[in-house]
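Q: My structure is below; once you've seen it, I'll send some questions.
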Amino acid sequence: MDLRKHIPLAALPLMLVVVQVIALFLASPMEGAGFAAFDDPASVGNIFVFIFILLGFTVFLLVLMKFGAKRLISGIIAASIFLTFVYTFSALALPIVPDAGAILAFICAGAATSLLYLYPEWYVIDILGVLIAAGVSSLFGISLTILPAIILLILLALYDAVSVYRTKHMITLAEGVIDLKLPIMVVVPRRRGYSFIRDGFSLKEGEERSAFIMGLGDLIIPTILVVSAQTCLGPAPYFPVSIPVLGAMAGSVAGLAVVLHFAGQGKPQAGLPPLNGGAIAGFLIGCALTGAWDWVFCI
């Protein structure tokens, strides 16, 4: 076994864990700042609002790609990234400098977004992409209690499978994102000297991949359950997170290992079915081990 070929594979699970740790850290500051995506975290209706927005945004981007509106797409994604950074940096800055936290957050968000677009090298995309994923998953994690979060993960896993293996529109969307070098993914080189700016990436079957690519959604969605579980269950005695939360984290990493195994075949893979399935299974195993079933009533 050539270990050099497998070292890049370890980077993606590491990124997932880092996203989850940062998201857990951000949860309390975001709650303290009053950030929330939904007014009633226990409402199952939140799920359908989330999916409706996701589907609408996906269709909108696909239509724009069909008509070649590259600058408009890039501008929309840039604005979304900027707002995500504003929320994330605000949660970090407001507790420290309440009077100037908002201004500082806008300055940091502008600088981070500019860096992503002016110099979209793979390590810049990865570092800031991890922060984006952590911020988004923390925001939605504190906005959903556990039961709606689990239902959301199940529905999005089904949608991901259909969109990759049946309609294949997610592959079309991914190709457009890569072609425009939009920084809404993470990139792990498979060889030294790789440059995302210079070399890009291809999703065509049969071509040797110069890097591993994973969308930020694959980092965000399972992490929503991790943050939701932590928010509802709280810390364990003598430890900052509970066994069910650790179970969800371990399960999502196991699910990612399954994705990477099949990704080695050179075909696009739907990441959310194993990732979300692993997160849910790990969480439920943790609940079974600790008897922590009162989350059903977390409101």
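The numbering of the sequence shown is our numbering, which starts it at 436 and goes up by one.
C-beta: ideal position from N, C-alpha, C; glycine also.
(1) For the beta strand (DSSP E) containing Ala646, list its first residue and its last residue.
(2) Give a yes or no on contact between the segment 504-521 and the segment 567-587, applying the rule of three or more CB pairs nearer than 8 Å.
(3) With a threshold of 8 Å between beta-carbons, can Pro443 be considered close to chain C, or not?
(4) What are the residues that DSSP puts in a beta bridge with Val674?
(5) Rounded to the nearest angstrom, what separates Pro443 and Val694 at their Cα positions?
(6) Among Gly503, Asn481, Ile508, Ser478, which one has its Cα closest to the Cα of Phe492?
(7) How should Trp557 be labelled, buried or exposed, when 16 other C-beta atoms within 10 angstroms of its C-beta is the threshold for buried?
(8) Suppose contacts are defined by Cβ-Cβ distances below 8 Å. Is Leu496 in contact with Leu608 by that definition?
(9) If Leu459 and Val612 are in contact, beta carbons under 8 Å, what's the gap, nearest whole angstrom?
(10) Does Pro709 come out as helix, strand or coil in the three-state DSSP assignment?
(11) Let me make sure I understand the geometry here. Which of Ala445, Leu593, Gly713 has the alpha-carbon closest to that of Ala685?
(12) From Ser578, Ser478, Phe487, Met465, pick the residue whose C-alpha is nearest to that of Thr523; which is it?
(13) Note down the Cα distance separating Asn736 from Ile488, rounded to an integer number of angstroms.
(14) Alpha carbon to alpha carbon, how far is Thr548 from Ser525? Give it in angstroms, no decimals.
(15) Below 8 Å between beta carbons: does that hold for Asp561 and Val484?
(16) Taking the beta strand (DSSP E) that Val479 falls in, what are its first and last residues?
(17) Exposed or buried, Leu587, counting other C-beta atoms within 10 Å across all chains shown (16 or more means buried)?
(18) CB Gly536 to CB Ala462, shorter than 8 Å?
(19) If you follow the beta strand (DSSP E) that Pro533 is part of, which residue opens it and which one closes it?
(20) Confirm, please, whether the CB-CB distance from Phe718 to Leu574 is below 8 Å.
(21) Would Ala583 pass as a contact of Ser515 if the rule is Cβ separation under 8 Å?
(22) Within the same chain, show all residues whose beta-carbon is closer than 7 Å to that of Ala472, passing over the 5 residues directly before and after it, in chain order.
(23) Less than 8 Å separating the beta-carbons of Leu550 and Leu563?
(24) For Ile656, which of Lys505, Val688, Lys616, Thr602 has the nearest alpha-carbon?
(25) Could you spell out the range, first to last residue, of the beta strand (DSSP E) harbouring Val624?
(26) If we ignore side chains and look at the alpha-carbon of each, how far apart do Ile678 and Trp728 end up?
(27) Using beta-carbon positions only, say whether Pro703 and Gly690 come within less than 8 Å of one another.
(28) Quick check: what's the CA-CA separation for Ala705 versus Glu610?
(29) CA-CA distance, Tyr600 and Ile606?
(30) Using 8 Å as the threshold, is the C-beta distance between Leu499 and Val623 below it?
(31) By a C-beta neighbour count over all protein chains shown, 10 Å radius and 16 as the cutoff for buried, is Thr580 buried or exposed?
A: Walking through what the data contain:
(1) 646-650
(2) yes
(3) The structure shown contains no chain C; it is built from a single protein chain.
(4) Before going further, note that residue 674 is Phe rather than Val in the sequence given. Note: Phe674 sits in a beta bridge opposite Ala671.
(5) 14 Å
(6) Ile508
(7) buried
(8) yes
(9) The pair is not a contact, with the Cβ atoms about 28 Å apart (cut-off 8 Å).
(10) helix
(11) Gly713
(12) Met465
(13) Absent from the structure is residue 736, since the part of the chain shown begins at 436 and ends at 734.
(14) 15 Å
(15) no
(16) First-last for Val479: undefined, no H or E at that position.
(17) buried
(18) no
(19) Counting along the chain, Pro533 falls outside any beta strand (DSSP E), and DSSP gives it neither H nor E.
(20) no
(21) Per the sequence shown, residue 583 should be read as Pro rather than Ala. No.
(22) Leu574, Phe575, Ser578
(23) yes
(24) Val688
(25) A quick correction: the sequence has Pro, not Val, at residue 624. Looking at the DSSP string, the run of the beta strand (DSSP E) that includes Pro624 is 620-624.
(26) 12 Å
(27) no
(28) 14 Å
(29) 9 Å
(30) no
(31) buried
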